[in-house]
Amino acid sequence: GDQSDQFGKAVSALSELVDGLESRGQDISDGLAYTNAAAGSITDLLSQARPPLQKVIRETDRTAGIVVADHEYFDNVLNTLPDA
C-alpha cells in the first residue's frame with residue numbers, strides 16, 4: 586500500500602531527474618569546464634599573490650611591534666595631529 590506508493594513516487598521522481606540531467610548534459614558539462622578553468626585561474630592568482638602578501642603581513646607585524654614598543658610616542662603623535 587503506502588510504502589509501494591512512496592516507492593513508485595520515488596522511482597518516478599528519479600526518472601524525471603535523470604531525464605532532466607540528460608537534457609541538460611551539455612550545459613552541465615560546460616558549467617563544470619568553466620568551474621575548472623575558474624579554479625585554475627584562482628590558483629594561479631593566489632600563487633602570484635602569495636609572496637607579496639607574505640611580505641605585507643611580515644611588515645605589518647614588524648610595524649605593529651614597533652608601535653607597541655613605543656606606544657607613548659605614537660599616542661602623542663596621534664593626539665597632536667590636526668583634525669581632518
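Each residue of the sequence shown is one higher than the last, beginning at 586 in the numbering used here. The beta-carbon is built from N, C-alpha and C at its ideal position, and this holds for glycine as well.
(request) Have a look at Ala-598 and Asp-590 and give me their C-alpha separation to the nearest angstrom. (result) Taking the first residue of the sequence shown as 1, we reach residue 598 at position 13. Taking the first residue of the sequence shown as 1, we reach residue 590 at position 5. If you draw a straight line from the Cα of Ala-598 to the Cα of Asp-590, it is about 12 Å long.
(request) Would you check if the distance between the CB atom of Ile-613 and the CB atom of Leu-602 is smaller than 9 Å? (result) The residue given as residue 613 occupies position 28 in the sequence shown. The residue given as residue 602 occupies position 17 in the sequence shown. In this structure, Leu-602 does not lie closer than 9 Å to Ile-613 by Cβ.
(request) Return the CA-CA distance between Phe-659 and Gly-650, expressed in angstroms with no decimal places. (result) Along the sequence shown, read from residue 1 onward, the residue named residue 659 stands at position 74. Along the sequence shown, read from residue 1 onward, the residue named residue 650 stands at position 65. In a straight line, the C-alpha of Phe-659 is about 12 Å away from that of Gly-650.
(request) For Asp-646, decide whether its Cβ has a neighbour in chain B, counting only Cβ atoms nearer than 9 Å. (result) Included in the structure is just one protein chain, with no chain B present.
(request) Assign Asp-668 to one of three DSSP states: helix, strand, or coil. (result) Counting from 1 along the sequence shown, the entry for residue 668 is found at position 83. Residue state, collapsed to three classes: coil.
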